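By the count of full-length UniProt numbering, the sequence shown reaches residue 319 at its end, each step adding exactly one.
Note that the Cβ used here is the ideal one computed from N, Cα and C, for glycine as well.
Keep in mind that this is a model prediction, so the values were computed, not measured.
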Amino acid sequence: VTFSDDNSRVTAELPTGETVEILLYGATVISWKDSRGDEKLWLSEAAKLDGSKPVRGGIPLVFPVFGTAPNHASASKLPQHGFARNNRWEFLGKSTSESAAGKQAADLSVKLDFGLSSSAVSNSDLWPFKFNLIYSVTLNRENLTTSLVVTNDDDKPFECQVLMHTYLRVKDITQVKITGLDGASYTDKVDGASTKSQSGDVTITGETDRVYTPKGGPSDPVSVVESGKTPYTVTRDNLSNVVVWNPWTEKAEGMADFAPKDGYKNMLCIEPGAVGAWQTLEAGDAFEGAQTITIPY
Ligand code: TA6
């Protein structure tokens, strides 16, 4: 595990060459490479990495609100997607797990932990609750797992939403289909937030912004299939929704930090989250949600 000179980011590498890089701002994973050095995440060439605004790409963290909630009693003042992605997190440390072969084998897995608490966010005017977040990023040869634990440190309940806004890199969005959502109901945010039912695989032929609730529950795998291969399979733990987003041409044009403008052809957001409803945490309660993105290796 190494730190950047300006202490803005942490990088971990496995003996087999896989790497993951996390910006402490937002605990945003900004790079994940396989043993051949192939990048798995999409990061805009115009992404701000200096903490001046949330990162356009990688895996931004969404908490305590997905989108905005202007009519919600306690979430109405929150910025779009909340404040976890635009605050500096603390690096809490790393742990490695030797392979089954025991001590002499190289570390085949590295887990990095990050923390953010209400005292650090000074969020009371935005969202008046005491909380603690622990975010873990675990790099294995065949997958990357990101897990968030939300703890209610207050003496009263609060409601929140959680989502991992993952920008996956693809070769050509027109050659992609998403499997595993057949039969799922979804909210189509490009069609008046109407409720629809998915039949068959999902293809991306224009701006796509859908909040799916897979029928199999929070662990059914969702896969990205491209030209006959399966570059990504996403499984979820306790996250009952999957958002599928691609901005396509017009929205890409409209985002100053989205570059190159035709970059929408090389990215697909598959975003595991608990956003269909508000999660209520009683005082002292904890909520844990995780995603695992598996790649062929
Ligand atoms: O996850 C999809 C979405 O909610 C889209 O509606 C779009 O707003 C996207 O997130 C990006 O949001 P951002 O605040 O990062 O520009």
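Per-residue burial, residue i [other beta carbons within 10 Å of its own, 16 or more giving buried]
i: E40; result: buried
i: E112; result: exposed
i: A312; result: buried
i: T230; result: buried
i: A127; result: Low confidence applies here, because A127 scores a pLDDT of 47, under 50, leaving its location unreliable and the question unanswered by this model.
i: G295; result: buried
i: Y286; result: buried
i: V23; result: exposed
i: A106; result: buried
i: T209; result: buried
i: N93; result: exposed
i: D135; result: buried
i: R58; result: exposed
i: N29; result: exposed
i: T38; result: exposed
i: L114; result: exposed
i: P236; result: buried
i: F153; result: buried
i: G48; result: buried
i: E43; result: buried
i: K125; result: Residue placement at K125 is flagged as unreliable, the pLDDT there being 45, under the threshold of 50; the coordinate-derived value follows with that caveat. K125 comes out exposed.
i: P76; result: buried
i: E61; result: exposed
Cβ-heavy atom distance, residue i to ligand 1, below 6 Å
i: G228; result: no
i: W267; result: yes
i: residue 3; result: Absent from the model: residue 3. The displayed extent of the chain is 23 to 319, so no value can be given.
i: D231; result: yes
i: H94; result: no
i: Q183; result: no
i: G79; result: no
i: G298; result: no
i: G89; result: yes
i: Q102; result: yes
Helix, strand or coil at residue i [DSSP, three-state]
i: I195; result: helix
i: R78; result: coil
i: R107; result: helix
i: A49; result: coil
i: S98; result: coil
i: V246; result: strand
i: S117; result: strand
i: A142; result: helix
i: D210; result: strand
i: N93; result: coil
i: Q220; result: coil
i: S131; result: strand
i: A312; result: strand
i: residue 324; result: There is simply no residue 324 to check, as the chain begins at 23 and stops at 319 in what is shown.
i: residue 20; result: Here the chain comprises residues numbered 23 to 319, so residue 20 is not present and cannot be evaluated.
i: R58; result: coil
i: N260; result: coil
i: Q126; result: Bear in mind that a pLDDT of 42 at Q126, under 50, signals an unreliable position, so the model cannot answer this.
i: A215; result: coil
i: K237; result: coil
i: L203; result: coil
i: F88; result: coil
i: G298; result: strand
i: P318; result: coil
i: V23; result: coil
i: P37; result: coil
i: D28; result: coil
i: T227; result: coil
i: G73; result: coil
i: L83; result: strand
i: V42; result: strand
Which complete beta strand (DSSP E) runs does the segment 151 to 196 hold, if anything under 3 residues is left out? 153 to 162, 165 to 174, 180 to 186 and 189 to 191
Sequence ranges, alpha helix (DSSP H) only - wholly within the segment 266 to 291, length at least 4: 270 to 276
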